[in-house]
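S.K.: Counting along the sequence shown from 1, when you hit position 307 you're at 307 in the UniProt record's numbering, and nothing is skipped either side. Each residue gets a CB set at the ideal place from its N, CA and C atoms; glycine is no exception. Sharing a structure below in structure tokens format, with a few things to ask.
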Amino acid sequence: MDTDTRDDGDDGDDGRGGGLTTGEVARRLGVAPTTVRTWDRRYGLGPDAHTGGRHRRWTPADVARLERMCALTANGLPPAEAARLAREGAPDDTATARPTAGPPPRRAAPGRSRAGSGLRLGDVRQECKGVARAALRLDAPALDALLAAAIEEHGLVTAWTEVIMPTLQAVGRKWESSGDRYVEVEHFLSWHVSGALRRGAPPVAVDRPGAVAVLACVPGESHTLPLEVLAAALSERGVPVRMFGGALPAGSLVAAVRRTGPSVVGLWAQSRSTASRPLAQHVAGMEWGVRGARRRPVVLPLGPGWAGSPMPGMPRATNLAEAVAAVESRMPV
Numbered sequence: 001m002d003t004d005t006r007d008d009g010d011d012g013d014d015g016r017g018g019g020l021t022t023g024e025v026a027r028r029l030g031v032a033p034t035t036v037r038t039w040d041r042r043y044g045l046g047p048d049a050h051t052g053g054r055h056r057r058w059t060p061a062d063v064a065r066l067e068r069m070c071a072l073t074a075n076g077l078p079p080a081e082a083a084r085l086a087r088e089g090a091p092d093d094t095a096t097a098r099p100t101a102g103p104p105p106r107r108a109a110p111g112r113s114r115a116g117s118g119l120r121l122g123d124v125r126q127e128c129k130g131v132a133r134a135a136l137r138l139d140a141p142a143l144d145a146l147l148a149a150a151i152e153e154h155g156l157v158t159a160w161t162e163v164i165m166p167t168l169q170a171v172g173r174k175w176e177s178s179g180d181r182y183v184e185v186e187h188f189l190s191w192h193v194s195g196a197l198r199r200g201a202p203p204v205a206v207d208r209p210g211a212v213a214v215l216a217c218v219p220g221e222s223h224t225l226p227l228e229v230l231a232a233a234l235s236e237r238g239v240p241v242r243m244f245g246g247a248l249p250a251g252s253l254v255a256a257v258r259r260t261g262p263s264v265v266g267l268w269a270q271s272r273s274t275a276s277r278p279l280a281q282h283v284a285g286m287e288w289g290v291r292g293a294r295r296r297p298v299v300l301p302l303g304p305g306w307a308g309s310p311m312p313g314m315p316r317a318t319n320l321a322e323a324v325a326a327v328e329s330r331m332p333v
């Protein structure tokens with residue numbers, strides 16, 4: 001277990017001299033600074049030269065070794081063996097980690113990290129590669145640190161749209177193309193994303209009369225992460241939220257709507273088989289309040305399950321930013 005509690009990543013360097021600091025290297029690789037220090041201490045992957053005292057600077061050759069380490073561990077090689085190959089600078093190290101037929105893999109372009117190559121991420125933010133590597137290694141401390149840093153730096157909406165969701169989609173593609181493999185990675189990543197969303201969101205906003213959003217998955221639907229990030233983003237903007245999570249029975253949904261009197265009801269459906277139009281229409285037709293001032297909720301169908309012909313009076317949101325805007329625009333002032 002790594003007991004180093006320093007989190008600035010600079011190892012006391014005063015900024016003089018060439019090369020990168022530990023913190024800069026960690027950000028480039030998309031890992032926690034403590035991970036870089038652990039690889040140095042346990043496997044001898046530290047910089048070739050020190051500038052005196054405990055100051056250290058990482059040269060391009062030093063960083064290249066760490067990039068090989070990241071790529072090899074992401075492909076499933078044990079850390080000790082990956083470190084040995086990284087130190088040796090084996091030209092076919094990625095092929096050693098996952099033998100394949102045909103020509104050797106292409107070398108990475110200069111300045112681009114090969115880390116995270118176990119997943120087809122495409123042209124994404126560097127943080128995606130770090131999150132993917134941590135997930136593939138089942139490295140909980142590094143994954144939590146990277147998710148928290150992305151949310152703090154970019155905000156919930158951008159962190160979800162440009163860092164978390166592309167990584168989740170890449171893991172899903174890997175799972176679908178690999179049979180039963182990588183299921184544990186998808187579950188591990190989803191669990192830590194859920195925790196990061198709750199830790200990164202502010203407390204639930206104080207209720208305002210008639211200004212509540214109810215969020216729930218339709219019956220038979222258990223994919224809650226998109227609703228969790230929506231709930232967190234709305235709380236961040238001061239919108240009171242009632243979150244009911246996965247597979248809420250129809251009767252319970254109706255009861256919750258009657259008891260809370262929400263302005264908006266967001267219903268998530270991942271697949272068309274769970275998207276119940278009659279249920280959405282029933283909720284949209286519910287009324288409450290005194291005679292002459294009756295109110296109805298706006299039902300917001302969320303998720304790919306609702307794709308197809310639009311439902312009158314029910315706005316569609318195709319991404320998180322649109323969903324947040326749709327809810328906010330219907331909150332009474």
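Pick out whichever of ALA80, VAL206, TRP268 and THR260 has its Cα sitting closest to the Cα of GLY238.
M.R.: Checking every option, the nearest Cα to that of GLY238 belongs to VAL206.
S.K.: Would a C-beta distance cut-off of 8 Å place PRO297 and MET286 closer than the cut-off?
M.R.: Yes. Within cutoff.
S.K.: Helix, strand or coil for VAL254? Go by DSSP, reduced to three states.
M.R.: If DSSP states are grouped into helix, strand and coil, VAL254 belongs with the helices.
S.K.: If we ignore side chains and look at the alpha-carbon of each, how far apart do SER276 and PRO301 end up?
M.R.: So the alpha carbons of these two residues sit roughly 10 Å apart.
S.K.: Out of curiosity, what's the CA-to-CA distance linking VAL264 and PRO315?
M.R.: The alpha-carbon atoms of VAL264 and PRO315 are separated by roughly 11 Å.
S.K.: Helix, strand or coil for PRO301? Go by DSSP, reduced to three states.
M.R.: Strand, per DSSP.
S.K.: Using a Cβ-Cβ cutoff of less than 6 Å, which residues in the same chain neighbour ARG65 once the five nearest sequence positions on both sides are dropped?
M.R.: Result list for ARG65: LEU45 and ALA86, in chain order.
S.K.: Pull up the CB-CB distance for ALA196 and ALA231, whole angstroms please, since I reckon it's below 8 Å.
M.R.: With a Cβ gap of about 13 Å, ALA196 and ALA231 do not count as contacting.
S.K.: To the nearest angstrom, report how far apart ARG258 and GLN169 are at their CA atoms.
M.R.: Straight-line Cα distance between these residues: approximately 36 Å.
S.K.: Closest by CA to VAL241, which one among VAL327, LEU29 and ARG133?
M.R.: Per the Cα distances, VAL327.
S.K.: Indicate whether VAL283 and VAL254 have their beta-carbon atoms separated by less than 8 Å.
M.R.: Against a cut-off of 8 Å, the Cβ pair of VAL254 and VAL283 comes out as a contact.
S.K.: Which first and last residues belong to the beta strand (DSSP E) in which LEU267 is found?
M.R.: Taken as a continuous stretch (DSSP letters only), the beta strand (DSSP E) holding LEU267 covers 264-268.
S.K.: Between VAL324 and VAL157, how many whole angstroms is the CB-CB distance? I'm expecting something under 8 Å.
M.R.: That pair is a contact at about 7 Å.
S.K.: For MET243, list the residues DSSP reports as bridge partners.
M.R.: Answer by DSSP bridge pairing, in chain order: LEU215.
S.K.: State yes or no: is the C-beta of GLU127 within less than 8 Å of the C-beta of LEU146?
M.R.: A contact, by the Cβ cut-off of 8 Å.
S.K.: Answer yes or no: do ARG140 and VAL31 have a C-beta to C-beta separation smaller than 8 Å?
M.R.: Per the sequence shown, residue 140 should be read as Ala rather than Arg. Contact: no.
S.K.: With THR158 as the anchor, note down where its alpha helix (DSSP H) starts and where it stops.
M.R.: First-last of the alpha helix (DSSP H) with THR158: 156-159.
S.K.: May I have the straight-line CA-CA distance separating PRO103 from VAL183, to the nearest angstrom?
M.R.: Below a pLDDT of 50, predicted positions are generally treated as unreliable, and PRO103, at 38, falls in that range; the measurement from the model is reported next regardless. Going from the Cα of PRO103 to the Cα of VAL183 covers about 29 Å.
S.K.: Between the alpha carbons of residue 401 and LEU267, how many angstroms are there, rounded?
M.R.: Residue coverage of the chain in this structure runs from 1 to 333, which leaves residue 401 outside it and unanswerable.
S.K.: In terms of residue numbering, what span does the alpha helix (DSSP H) encompassing GLY19 cover?
M.R.: Premise fails: GLY19 is in no alpha helix (DSSP H) and is neither H nor E.
S.K.: Find out if the Cβ-Cβ distance for the pair VAL229, TRP306 is shorter than 8 Å.
M.R.: Their beta carbons are not under 8 Å apart, which means VAL229 does not touch TRP306 by this criterion.
S.K.: How would you label GLY19, buried or exposed, when you count the other beta carbons within 10 angstroms and need 16 or more for buried?
M.R.: That one is buried.
S.K.: Can you tell me whether GLY89 is buried or exposed, with buried defined as 16 or more other CB within 10 angstroms of its CB?
M.R.: Exposed, since its Cβ has fewer than 16 Cβ neighbours within 10 Å.
S.K.: What whole-angstrom Cβ distance do ALA256 and PHE244 have, given they're in contact under 8 Å?
M.R.: ALA256 to PHE244, Cβ: 6 Å. Contact.
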